[in-house]
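Step one of this worksheet: look at the structure below.
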Amino acid sequence: MDLRDQLKNLFPEHEEQDFQMPDEAKENFKQKEPLVCKFEKKGRNGKPVTLIEGWEGDDEGLKEISKKIKTTLGIGGSEKDGVIIIQGDNRDKIMNILKDMGYKTKRVGG
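Printed below as a string of structure tokens:
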């Protein structure tokens, strides 16, 4: 006798229903911690980059944010391991773009 049969014996008038877990909608996603914008040159042959760390969502959302920043500023960059890497020291501009998108940001360094 499995668990379903035992439950039917305990609750004979209960009708079993199918249940689906609701999908998390992108509109309901809220970033809890602020995104950290920091400047770095170390380990990149002296070339300056701006790193955006602390993303808590999925990779698709990270790519959307990265694309928005890169197209708005007209510069290159990439996203890897939950970190957005943007060429050059553009912390102030990036923080303004993220603020307009509704994200909290925190500036680290200099």
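With full-length UniProt numbering as the guide, the letters of the sequence shown map in order to residues 1 to 110.
Here a beta-carbon is modelled for each residue, glycine too, at the ideal position from N, C-alpha and C.
Keep in mind that this is a model prediction, so the values were computed, not measured.
* Span separating the alpha-carbon of VAL49 from that of GLY77 -> Counted from its first residue, the sequence shown places residue 49 at position 49. Counted from its first residue, the sequence shown places residue 77 at position 77. Taking the straight line joining both Cα atoms gives about 9 Å.
* Mapping DSSP to helix, strand and coil, what is GLY74? -> Translated into positions along the sequence shown, residue 74 becomes position 74. Coil.
* On the three-state DSSP scale, how would you describe ASN9? -> For this step, residue 9 is matched to residue 9 along the sequence shown. Helix, per DSSP.
* To do: Please state if the CB of GLU56 and the CB of GLU33 are separated by a distance shorter than 8 Å.
  => Within the sequence shown, numbered from 1, the residue matching residue 33 stands at position 33. Within the sequence shown, numbered from 1, the residue matching residue 56 stands at position 56. Taking 8 Å as the Cβ cut-off, GLU33 and GLU56 qualify as a contacting pair.
* **Proximity to residue 117 [Cα-Cα], best of LEU51, LEU62, ASP59 and GLY61** => Residue coverage of the chain in this structure runs from 1 to 110, which leaves residue 117 outside it and unanswerable.
* Asked: Just to confirm, are LEU62 and ILE85 a CB contact at a threshold of 8 Å?
  -> Along the sequence shown, one-based indexing puts residue 62 at 62. Along the sequence shown, one-based indexing puts residue 85 at 85. No.
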